[in-house]
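Number of protein chains: 2
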Amino acid sequence: MDSALARERALDAAEELFYGRGVQSVGMDDVRGTSGVSLKRLYQLFPAKELLVEAYLERRDARWRGQLAEYAERQVEPEERILAVFDWLGTWFAEPGFRGCAWLNAYGELGATSERVAGQVRAHKRAFREYLGALVAAAGRPDALAGQLFLLAEGAMVTAGVTRSAEPAAEAREAARRLLEAG
Amino acid sequence: MDSALARERALDAAEELFYGRGVQSVGMDDVRGTSGVSLKRLYQLFPAKELLVEAYLERRDARWRGQLAEYAERQVEPEERILAVFDWLGTWFAEPGFRGCAWLNAYGELGATSERVAGQVRAHKRAFREYLGALVAAAGRPDALAGQLFLLAEGAMVTAGVTRSAEPAAEAREAARRLLEAG
DNA sequence: AGCAGGGGAGAACGAGCGTTCTCCGCATGG
DNA sequence: CCATGCGGAGAACGCTCGTTCTCCCCTGCT
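Just so you know, the protein sequences line up as chains E and Z, in that order.
If you read the first sequence in this note's numbering, its first letter stands for residue -13, the second for the next number, and so on.
If you read the second sequence in this note's numbering, its first letter stands for residue -13, the second for the next number, and so on.
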């Protein structure tokens, strides 16, 4: 097993475990057991647990935003793209094993103690906010609308996570639709 | 120092420390140091750390909802009361030491490992949702509006926590105002 | 004064876990 | 065939921390 593959396996295991059970309740030994990558290898690839956490969040960030954009951009009309964001949230919330927003969970767990993780969470949320800003600008709407849609999306993520339900996505979509048609 | 006072001191310290630094990074010894209540007393009052955490969340829940209701009910018109909720969020976000929603932080930290804490978070959010529902019903609006306002408020809390800014309250208030005037 | 007991300070205990180390097998190159 | 070194398994180490225990003081009662 070469380094690239070991790295991928380690990140797969880290993502599954950190997302599913929280970062602090997962030990490096659990990551080894799930990934099949030995501790020695793990520490060669990620010299400390915190680096593994950062790599997990970074890889997930790229995938999350990529999938969102891919989904939204199937729509042609700017307004449709905006609403598609909420549809995509709904499919995400309905996935088995959905446990809320990985970044918000990580922030609650580590934000107070790890400035680097807190920074990653802020960067992820800023990127999402800017993506919404771009969609809103493409629709010729004021940027303030993007802020409001962002709050709806964040509220939906948090509520879906806590209540284990996909319903908030539809509620947020409806609110977004009304904000769009009113403005 | 009698038991009631010791209990109060312990909860004061627990709240300050758990909220400010997260539950897991605060030891019982820190609570003892901050509260001045000895470990022996602490364990008489709260036989395990988890019970102290639950008591912290419960006391804070009562205070949080009480203060919100007190603030909102200074307004007479139902619509004004709804908007006052967002004004109150703004004053909360601007308080020194604000670090986001205590329940969402606790959920990110412990939701995956403590079913009791997860239940407290759900109960707190449900109560807030129902409070909004009552305000919305008093305004003669459909309950679906309360769900949308709830998502805005949750999004504002989370975003204010992550970005350390009070601004999301005003954004959410503006969105709420538009949803109110549109419907 | 003598004593019983609650309470405080802090040491001690035990588990969990991040990180490192030891030991061994095995593959590869001379 | 032997030497070398990488990699795996898992023991070991050290620290943190939840929880309990020890020892002692002080108070209040007789």
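Built from N, CA and C at the ideal position, the CB exists for glycine as well.
Closer than 9 Å, CB to CB, is residue i near chain E or not?
i                : result
T20 (chain Z)    : no
G119 (chain Z)   : no
L43 (chain Z)    : no
G76 (chain Z)    : no
G83 (chain Z)    : no
A48 (chain Z)    : no
A104 (chain Z)   : yes
A161 (chain Z)   : yes
A(-10) (chain Z) : no
H70 (chain Z)    : The amino acid at residue 70 (chain Z) is misidentified as His; the sequence shows Ala. No, A70 (chain Z) does not count as interfacial toward chain E.
Check whether the Cβ of residue i lies closer than 9 Å to any Cβ atom in chain Z.
i              : result
V17 (chain E)  : no
V122 (chain E) : no
A80 (chain E)  : no
A204 (chain E) : Past the edges of chain E, shown from -13 to 169, lies residue 204 (chain E), and the structure says nothing about it.
Residues of chain Z with CB closer than 7 Å to the CB of residue i, please, in chain order.
i              : result
S151 (chain E) : Within chain Z, no residue comes near S151 (chain E); the closest Cβ sits about 11 Å away, beyond 7 Å.
P154 (chain E) : L137
Identify the contact partners of residue i in chain Z, using a Cβ-Cβ distance below 8 Å as the criterion.
i             : result
Q10 (chain E) : Q10, E95
Check the Cβ of residue i against every Cβ in chain E and list those closer than 7 Å, keeping chain order.
i              : result
V148 (chain Z) : Y93, V107, R108, K111
G126 (chain Z) : Those do not exist, as G126 (chain Z) stays about 17 Å from chain E at its closest Cβ, beyond 7 Å.
A142 (chain Z) : L137
A158 (chain Z) : L137
What does residue i reach in chain E if we use C-beta pairs closer than 9 Å?
i              : result
R164 (chain Z) : Q134, R164, L165, A168, G169
Entirely within the region -11 to 68 of chain Z and at least 4 residues each: give me those alpha helix (DSSP H) ranges in chain order. Runs of the alpha helix (DSSP H) inside the region -11 to 68 of chain Z: -11 to 7, 14 to 21, 25 to 31, 35 to 58.
Pair every Cβ in the region 44 to 60 of chain E with every Cβ in the region 68 to 88 of chain E, then say whether three or more of these pairs are closer than 8 Å. yes
Any residues in the region -3 to 8 of chain E with a beta carbon nearer than 8 Å to a beta carbon of chain Z? Which ones, in chain order? Contact residues of the region -3 to 8 of chain E toward chain Z are G6, R7, G8 (C-beta to C-beta distance below 8 Å).
Per the contact definition of three or more C-beta pairs closer than 8 Å, is the region 104 to 116 of chain Z in contact with the region 86 to 96 of chain Z? For the pair of segments examined, the region 86 to 96 of chain Z was found to touch the region 104 to 116 of chain Z: the number of CB pairs separated by less than 8 Å reaches three.
To be precise: take each residue of the region 87 to 99 of chain E, compare its Cβ to all Cβ atoms of chain Z, and keep it if any distance is under 9 Å. Which residues remain? C87, W89, L90, N91, A92, Y93, G94, E95, L96, G97, A98, T99
Evaluate the contact criterion for the region 45 to 56 of chain Z versus the region 15 to 28 of chain Z: three or more CB pairs, one atom per stretch, below 8 Å. Touching, no.
Check whether the region 113 to 128 of chain E touches the region -2 to 9 of chain Z, counting contact only when three or more Cβ pairs, one atom from each stretch, lie closer than 8 Å. no
Please determine if the region 62 to 69 of chain E and the region 151 to 169 of chain E are in contact, where contact requires at least 3 C-beta pairs separated by less than 8 Å. yes
Inside the region 107 to 166 of chain Z only - alpha helix (DSSP H) runs reaching at least 4 residues: 129 to 149
Runs of 3 residues minimum, wholly inside the region 75 to 99 of chain Z: which ones carry the beta strand (DSSP E) assignment? none
If contact is defined by three or more beta carbon pairs under 8 Å, each pair taking one atom from either stretch, is the region 126 to 142 of chain E in contact with the region 120 to 133 of chain Z? no
Within 8 Å, do at least three Cβ pairs link the region 3 to 13 of chain Z to the region 140 to 159 of chain E? no
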